[in-house]
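K.L.:
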Amino acid sequence: MNLISELRWRGMIQDIKPGTEEQLQKEMTTAYIGFDPTADSLHVGNLVPIMLLVHLQRAGHKPLALVGGATGMVGDPSFKAEERKMLDEATLLHNQQSIKAQLERFLDFDQAKPNYAEMVNNYDWFKGISFLSFIRDVGKHITVNYMMAKDSVKKRLEGDSGMSFTEFSYQMIQGYDFYHLYNTMNCKMQMGGSDQWGNIVTGTELVRRIGGGEAYAFTCPLIKKKDGTKFGKSESGNIWLDPAKTTPYQFYQFWLNADDEDAESYIRIFTFIDEPAVNSLIAEHRQDQSKRVLQKRLAQEVTTFIHGEAEYEAALKTTESLFSKNAGVDVLKTMSEEQLLQTLTGVDVKEVPAAALTEQKDVVTFLAEAGIFPSKGEARKLIQGGGMSMNGQKITAVDQKITEESLLNGKNILFQKGKKNYYLVRFI
RNA sequence: GGGCAGGUUCCAGAGUGGCCAAAUGGGGCGGACUGUAAAUCCGCUGUCUUUCGACUUCACAGGUUCGAAUCCUGUCCUGCCCA
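Take a look at the structure:
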């Protein structure tokens, strides 16, 4: 399958340099995408670049994942309102290693394959370059006028917070990455989100002006939610790929909660389901949206891709027991503690000393001490707002006591904060 | 280096001596409705606190005043213009 036409029907092509498609058809092409080491795990926002690399490799080309050790020290100003805080070197190093470990699970690094994936870190080549040699050998080839004409830069120039020279330099640094990879690894193509287009084109310009070579690129539209809010966040923050940060159950829930409209584009972007199958799923979805056919399939595919089959099954089981109408909490009551814990895999567990039971604490104090709320004030506020349930029953009084009678099966209490946040309290 | 305009709570943005924990909008959270959706409506949104209230905030440091986000002095930072 032709990579570009595959990505095109999925709605994953925004800008594309002329000749890119021809290049891909002509020969096995090496292409790269950069990842920012801003945290020690990738999150769902990074999923699009990952998908691009996977598609690339499946189409027989060679993917490079670049971890931005150097660029991470500078910070991309593209379309951001303000300069971001800098990370220290130790943190960056730690983050790079964690990200590398994650990426290794999605791409095929088997060197026996002609198009095996590779990982590079731009810090490796930047650490040896002096400022003087850089501005002389590289800076010479790009005019400031050219750099300032970029939309990403213009926005900051027009804003009222200014832009430091450090940030302004960013596109040169990233551009040089491309040039470097072109020279050392015969990498002829770069991909990225559409906010990267400006930076990417600076790279192709450097390849052309310094080396006289031809480089290609395309970008993927940024994922937007229908309501315009940022993709990849939930009430509790980022959705991480690291199961220690976001449990597979929570991860599954994130996708299951996709908006009806968004689900139609997500299923194309975040799964590998082929076009006819996607079309029939969408048709089925439109017939009766309340069944959430798309969301369920989407959540299944993505969870399986990231966490594996077994974790998906567990997440599904947890979801069914917590949200299904006919099962619900009543079923949980009949379970042993072991069954309960197994059923509720991925739900936040809070451990509380068993002594707390005999002290007849009121819910507010109890919840604050159990760590479900940061303070009594917040616990009270939410309870008064009617947003807190215990074992499936709404808590109506702030002075309700927690005693042994509150126990679900003699051992635990299941709390529900808001509509979708569950906490299992275990007494130890 | 000179001139001008600014720095307010998550964001935008009012407030220019007491009625200010600070309008309004956005965002976030919660509730009702529903399909664990969207739209709509309602509530909460500095921290702690059962109520009263206490404490910390309007760039930073001092000062004037019974009382300052608001006035004065200095410092730092930003934008625009000039050099």
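Residue numbers for the first sequence, in the working numbering: 3 to 430.
Beta carbons: idealized from backbone N, C-alpha and C, even for Gly.
Predicted, not measured: the structure shown is a model, and the values here were computed from it.
#1: Within the same chain, show all residues whose beta-carbon is closer than 6 Å to that of L5, passing over the 5 residues directly before and after it, in chain order.
#2: For K421 and L384, I'd like the C-alpha separation in whole angstroms.
#3: Measuring alpha carbon to alpha carbon, tell me which of D38, K228, N201 ends up nearest Y218.
#4: Taking the straight line between their C-alpha atoms, what separation do you get for M121 and G389?
#5: What does the Cβ neighbour count give for Y181, buried or exposed, with the cut at 16 atoms within 10 Å?
#6: Taking only three categories from DSSP, how would you classify L135?
#7: Among the residues of its own chain, which have a CB less than 8 Å from the CB of Y118, if the five just before and after it don't count?
#8: Span of the beta strand (DSSP E) holding Y425?
#9: Excluding the 5 residues preceding and the 5 following G21 in the sequence, name in chain order all residues of the same chain whose CB lies nearer than 8 Å to its CB.
#10: Excluding the five sequence neighbours on either side, which residues of its own chain have a C-beta within less than 7 Å of the C-beta of T320, listed in chain order?
#11: Going along the chain, which unbroken runs of the alpha helix (DSSP H) with 4 or more residues stay wholly within the stretch 33-79?
#12: Please check the pair F429 and K403, which I expect to be a contact at CB under 8 Å, by giving their CB distance rounded to whole angstroms.
#13: According to the neighbour-count rule (16 or more other Cβ atoms, all chains shown, within 10 Å of its Cβ), is T336 buried or exposed?
#14: Report the rounded CA-to-CA distance for G130 versus F220, giving the unit in angstroms.
#15: Which of helix, strand or coil does DSSP assign to G219?
#16: Less than 9 Å between the C-beta atoms of V50 and I225, yes or no?
#17: How would you write the range of the alpha helix (DSSP H) that K149 sits in, first residue to last?
P.N.:
Result, derived from the coordinates:
#1: L26, A61
#2: 12 Å
#3: N201
#4: 47 Å
#5: buried
#6: The question names Leu, but residue 135 in the sequence shown is Ser. Note: S135 maps to helix in three-state DSSP.
#7: K64, D110, F111, D112
#8: 423-429
#9: E216, Y218
#10: Y251, T345, L346, T347, G348, V349
#11: 49-60, 73-76
#12: Wrong, their Cβ atoms sit about 15 Å apart, outside the cutoff.
#13: exposed
#14: 30 Å
#15: Per the sequence shown, residue 219 should be read as Ala rather than Gly. Correct three-state label for A219: strand.
#16: yes
#17: The displayed chain sequence assigns Met, not Lys, to residue 149. 146-150 is the extent of the alpha helix (DSSP H) around M149.
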